[in-house]
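Written below as structure tokens is the structure these notes are about.
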């Protein structure tokens, strides 16, 4: 499957912050969005970010749940997502 730049960036962000797949690290959607746009000349629109997250969720590369303490929507890499992200990271 062909992935957009935003989808690849989300996978790489989660992968890099999880110790390259060795730890289960979760990010709230707003934290990911902020980190993703931090060093971009043209920020990613929130609708494109949301669409990319939903697509990654639909194909099983990320898992989405609600944090019990903060009640925020949180994403983390699935097992298949770790594999895909490691392949992207090694390129």
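In my numbering, the protein residues as written are 6 to 96. C-beta: ideal position from N, C-alpha, C; glycine also. Computed from a prediction, not measured in an experiment: that's the story for all the values here.
* To do: Taking residue 19 as part of the alpha helix (DSSP H), name the residues at either end of that continuous run.
  => 10-22
* What whole-angstrom Cβ distance do residue 16 and residue 86 have, given they're in contact under 8 angstroms? -> 6 angstroms
* Please check if any C-beta of chain D sits within less than 8 angstroms of the C-beta of residue 33. => Of the chains in the structure shown, none is chain D; there is only one protein chain.
* What residues are listed by DSSP as bridge partners for residue 80? -> 32, 69
* Asked: Going straight from the alpha carbon of residue 43 to that of residue 91, what length do you get?
  -> 23 angstroms
* Asked: Where does residue 75 land, buried or exposed, given buried means 16+ other C-beta within 10 angstroms?
  -> exposed
* In three-state DSSP terms, what is residue 49? -> coil
* Three-state secondary structure (DSSP) at residue 89? -> If DSSP states are grouped into helix, strand and coil, residue 89 belongs with the helices.
* Report yes if the CB atom of residue 49 is closer than 8 angstroms to the CB atom of residue 81, and no otherwise. => no
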